[in-house]
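A.B. asks: When you read off a place in the sequence shown, starting at 1, and then add 39, the result is the number in the numbering used here.
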Amino acid sequence: MSIPAVFLGISASEFAASLPISGIASFGVYEGTWSLVFELLGFPGNIAKLTAVSHHLFTQVYGFGLGALALILLVLPVFKKKDSGSSSAVTMPVKPAFYGKMVACVLGLVVILYGFSRVPPANGENRHAQISADRPGPAEIEARKALRAEFPGHILFDSNRSGTFGIYTMRADGSEVTRI
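#1: By DSSP's criteria, R210 is part of a beta bridge. Which residues make up the other side?
#2: State the beta-bridge partners of R218 as determined by DSSP.
#3: Helix, strand or coil for S198 per DSSP?
#4: For L80, I'd like the list of residues in its chain whose CB is within less than 6 Å of its CB, leaving aside the five on either flank, ordered along the chain.
#5: Hey, how far is the Cα of F77 from the Cα of A87?
#6: Put R183 into one of helix, strand or coil per three-state DSSP.
#7: Going by beta carbon distance, what residues of the same chain come within less than 8 Å of L186, once the five residues before and after it are set aside?
#8: Please return the same chain residues whose Cβ sits closer than 6 Å to the Cβ of G48, not counting the five positions on each side in sequence.
#9: DSSP three-state call for T130: helix, strand or coil?
#10: For C144, which residues from the same chain have a beta carbon less than 7 Å from its beta carbon, with the 5 sequence-adjacent residues on both sides left out?
#11: Could you give the residue range of the alpha helix (DSSP H) that holds L146?
So this is what it looks like as structure tokens:
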């Protein structure tokens, strides 16, 4: 394999890693770009995905290892500052009024949070019955049918439906929602 081909694969994935886009199911933009470029270079899909994830894993372990090594070096007694014997810092006694103000602020915050927790929601239980955003009107149904005619494919998206995260597909008109 040539050096320019390897450089292309690595630099494309590094560029993609700097994009502000999240991934789907822990397969991010970095791994996706790596896999795409390596598949374009002729590698099988499963090898491209495996190398993408393993390279990212080794890069993370290498970075964490360097950080841990730096932390260990900083904690060594060789780098501790020697005590000069006398301190030029002037310490002032803490006034009791300071602690009184702190306690008053914390109690005030607790009272405000408790008050907000006791406020009933708007319209009580009937609130969900009044929301019609999930039920399209006749004009929107026709617009969705026209959109489905123009775009007959499926849309892949991630969602937090029913309180559990998942990957879903659906038609452009909102029908045929299936979890993958």
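Cβ atoms here follow ideal geometry from the backbone N, Cα and C, with glycine treated the same way. As the structure is a prediction and not an experimental result, all values here were calculated from the model.
C.D. replies: Short version:
#1: As a working note, residue 210 is residue 171 in the sequence shown. DSSP, once it has assigned bridges, lists H193 as partnering R210.
#2: Numbered from its first residue, the sequence shown carries residue 218 at position 179. Looking at the DSSP assignment, R218 forms a beta bridge with Y207.
#3: Translated into the one-based positions of the sequence shown, residue 198 becomes position 159. DSSP places S198 in strand when its eight states are reduced to three.
#4: On the sequence shown, position 41 is the one that residue 80 refers to. Taken in chain order, the residues that qualify are A44.
#5: Numbered from 1 along the sequence shown, position 38 holds the residue referred to as residue 77. Numbered from 1 along the sequence shown, position 48 holds the residue referred to as residue 87. Going by the C-alpha atoms only, they are around 6 Å apart.
#6: Taking the first residue of the sequence shown as position 1, residue 183 is located at position 144. Three-state result, R183: helix.
#7: As a first step, residue 186 is located in the sequence shown; it is residue number 147 there, counting from the start. The residues are A211, D212.
#8: For the purposes of this step, residue 48 is taken as residue 9 along the sequence shown, with counting starting at 1. Only V76, F77 meet the Cβ criterion.
#9: Looking up residue 130 in the sequence shown gives position 91. Coil.
#10: Locating residue 144 in the sequence shown gives position 105, counting from the first residue. Answer for C144: no residue qualifies.
#11: Stepping through the sequence shown from its first residue, residue 146 is reached at position 107. L146 -> alpha helix (DSSP H) spans 135–157.
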